[in-house]
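Take a look at the structure set out below.
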Amino acid sequence: MKVNELFKQELKVINMGLRSFAADIKSQNVEVIHVDWRPVAGGNKKLASMLSKLKGK
Amino acid sequence: MIAKWLIKENSYYDSVTLMLVTKEIEARDDVENAVVVMGTDLNKDLLNNVGLLNDEIRKTTANDLIIAVKMKEDKFDEIVAKVEELLSKKTSEVGEDYTPPTLDSAIKHMPDSNMVVISLPGAYAADEAKKALENDKHVMLFSDNVTIEQERELKELAVSKGLLMMGPDCGTAMINQVPLCFCNKVRKGNIGIVGASGTGTQEIMVQIDRFGGGCSQVIGTGGRDLKKEIGGMMMTLGIQALAADPNTEVIVLVSKPPAYEIAEKVLKTLKESGKKAVVNFIGGDDELVRKYGFIAANSLEDAAYKAVALAKGEEPKDAPLFEESEEMIDKMVADERAKMSPDQKYLRGLFSGGTLCDEALKLFTKEFGGIYSNIALTDEYQLKDNKNSYKHTALDLGDDEFTVGRPHPMIDSYTRQQMILKEAEDQEVAVLLMDVVLGYGSNEDPAGSLADHIKLAKKKFADRGQYLSVVAYVCGTKEDPQNYEQQIEKLKDAGVILMPSNAQAVRFAMKVVRGL
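So the protein lines, in turn, are chains A and B. Each residue of the first sequence is one higher than the one before, counting from 290 in the numbering used here. Each residue of the second sequence is one higher than the one before, counting from 665 in the numbering used here.
Structure (structure tokens):
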């Protein structure tokens, strides 16, 4: 199972959302990338859904 | 009163950062109301409620930052400068590292990343979690407001790939000794935990550490995993992963009582693991646990105590009711009671941890028959007005109604500070009972942020010729970032009686109110 492979690897994290979570992980010398996320189409759900259809997802 | 506002287009900040900034601005004497938010519909309602909504603000999107302030005199430029300074300080906490704009670009930048931690607004969280799973990444999903249908879909995808899908609403996990989100730093060891309850899991980790044991992995599932709709998918996968992990010798399961058939399913998987195990279905069916040959625990502390015994190859016994001798405890209780007036009789619990509050309700109900709460065990004891305690009451201050527009009480003590002062007005109160949760994610100085208010409350009682007993438990270890000893000292200095576990703090508080 992939989980057991994870247990043998070094943890490498992508953080999306609260920056403080990334800061905490970084403070433990664990590799982390914080995503500078923002709502798709400025939070306009209708537009976001049209965009996602355009991308074929 | 002067009202001014500023809109910064395309400047996204997360809600906790903005709430903490708002709090600092509101604390200024010259400010009546300050709202620093993104232009979401919910935030526009909030602005409307304080009379700061206007046509310009109505046109903003969830990507636009709004700074709106009502103040006594026009210090708006100064306030905006302060907001910008605070935001840039918060933003720099993750350093000057590259911050890609999307998950796809982050994965391209770090292709060997293996865990995606998501705490985005619920409406967007499930899509990003799905993307992460599709890219073979394990996921910890802290966000709530994800539907149960989405949860089911995400977990089915994760199980089909053998990936962790911790959450939604998963607050605590420790993978490869790295605490994630709200989590204590504990010793490395041979006990693996799968937990469906955040602070319940934290308490078990901390108590394992206290009894000299250690943890291998701590897997969170989110609170709904053992509901019929989800069927314990992540708890099952977690058990299987710990079963195959050579560093895990003992497994601990913690969850609120599951549906009977889900409990059976989980216990069957646990049986197949061939490992020793302790199960705490908090207040649930212990007979079923024993039927499968596992050890049932009567408190979170007891689960840890028994797990450590198993991990050392010893026969597990019940955890002692108190760490101190009975004589010592009885003397402490008598000392507290001697200082009270005859009309002081009630316990008031002010909890930041939901499961710690739930454990208090269950222990108290066993002895006293019932206790009022906003998360009461039965309808009879559900508070009519959740902000007003009645007779014996314990409140979960992390519940939704207390956290609208405010960070969780484990991050920000404001709500609890106000409640401490409110309880101090009630001369029938005998004991305040509190949890102080340390660890990553929590407030950097929770004891310090409560101590002054505790002293004030005690003084109010003293001024009336009464005495307020305050009992607390610090859920933390010496390795936590807050400095455990200093936290203990700050509370002791405020006259707080400290107990070494949540269960013991509840028992001590019950002894004080018994017979008053």
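No residue lacks a Cβ here, since even glycine has one placed at the ideal position from N, Cα and C. Bear in mind that the values here come from a model prediction, so they are computed numbers and not experimental data.
Short Cβ contact (8 Å threshold) for ILE1078 of chain B with THR1057 of chain B = First, the amino acid is wrong: residue 1078 of chain B is Tyr here, not Ile. No; because the gap between Cβ atoms is not below 8 Å, this pair is not in contact.
Taking 8 Å as the cut-off, decide whether the C-beta atoms of PHE986 of chain B and ARG1128 of chain B are in contact.
-> no
Which of the three DSSP states, helix, strand or coil, is assigned to CYS834 of chain B?
-> coil
Would HIS1072 of chain B count as contacting chain A if we go by Cβ distances under 8 Å?
-> no
Please state if the CB of LEU1014 of chain B and the CB of ARG1070 of chain B are separated by a distance shorter than 8 Å.
-> No; because the gap between Cβ atoms is not below 8 Å, this pair is not in contact.
Do ASN674 of chain B and ASN707 of chain B have their C-beta atoms closer together than 8 Å?
-> no
Using the Cα positions of GLY876 of chain B and VAL870 of chain B, report the straight-line distance between them to the nearest angstrom.
-> Near 10 Å, if we compare the C-alpha coordinates of VAL870 of chain B and GLY876 of chain B.
Give the straight-line distance between the Cα atoms of MET735 of chain B and ALA1094 of chain B, rounded to the nearest whole angstrom.
-> 40 Å
Beta carbon of LEU805 of chain B nearer than 8 Å to that of ALA789 of chain B = Cβ atoms of LEU805 of chain B and ALA789 of chain B: closer than 8 Å.
Going along the chain, which residues of its own chain have a beta-carbon closer than 6 Å to the beta-carbon of LYS346 of chain A, five neighbours each way excluded?
-> Any reading at LYS346 of chain A needs caution, since the residue's pLDDT is 43, under 50, leaving its predicted position unreliable; the model's value is listed next. Result list for LYS346 of chain A: empty, nothing under 6 Å.
Can the beta-carbon of LYS825 of chain B be found closer than 8 Å to that of LEU844 of chain B?
-> no
Presumed contact (8 Å Cβ cut-off) between ARG308 of chain A and LYS1154 of chain B, rounded CB distance = Incorrect: roughly 27 Å between the Cβ atoms, too far for contact.
Between ILE666 of chain B and the ligand SAM, is the CB less than 7 Å from at least one heavy atom?
-> Absence of the ligand SAM is noted for the structure shown, with no ligands found whatsoever.
DSSP on GLN1130 of chain B, reduced to helix/strand/coil?
-> coil
When the Cα of ARG851 of chain B is compared with those of B:ALA960, B:ASP1099, B:VAL842, which residue comes out closest?
-> B:VAL842
State the DSSP-derived secondary structure class of ALA732 of chain B, mapped to helix, strand or coil.
-> Strand at ALA732 of chain B.
In chain order, what residues of the same chain have a beta carbon less than 6 Å from the beta carbon of LYS935 of chain B, not counting five sequence neighbours either side?
-> TYR956
Enclosing beta strand (DSSP E) for ASN707 of chain B [first to last residue] = Taken as a continuous stretch (DSSP letters only), ASN707 of chain B belongs to no beta strand (DSSP E), being part of the alpha helix (DSSP H) at 705–713.
ILE855 of chain B and VAL914 of chain B look like a contact to me (Cβ under 8 Å); what is the Cβ gap, rounded to whole Å?
-> Yes, ILE855 of chain B and VAL914 of chain B are in contact; Cβ-Cβ is about 5 Å, under 8 Å.
Expressed to the nearest angstrom, what Euclidean distance is found between the alpha-carbon atoms of ALA905 of chain B and ASP719 of chain B?
-> 54 Å
Check whether the Cβ atoms of THR801 of chain B and LEU821 of chain B sit closer than 8 Å, and answer yes or no.
-> One detail in the question is off: residue 801 of chain B reads as Lys in this sequence, not Thr. No, they are not a contact pair.
Under 8 Å between C-beta atoms of VAL324 of chain A and THR763 of chain B | yes
For a contact meaning CB atoms closer than 9 Å, what does LEU828 of chain B contact in chain A?
-> LYS291, VAL292, LEU295
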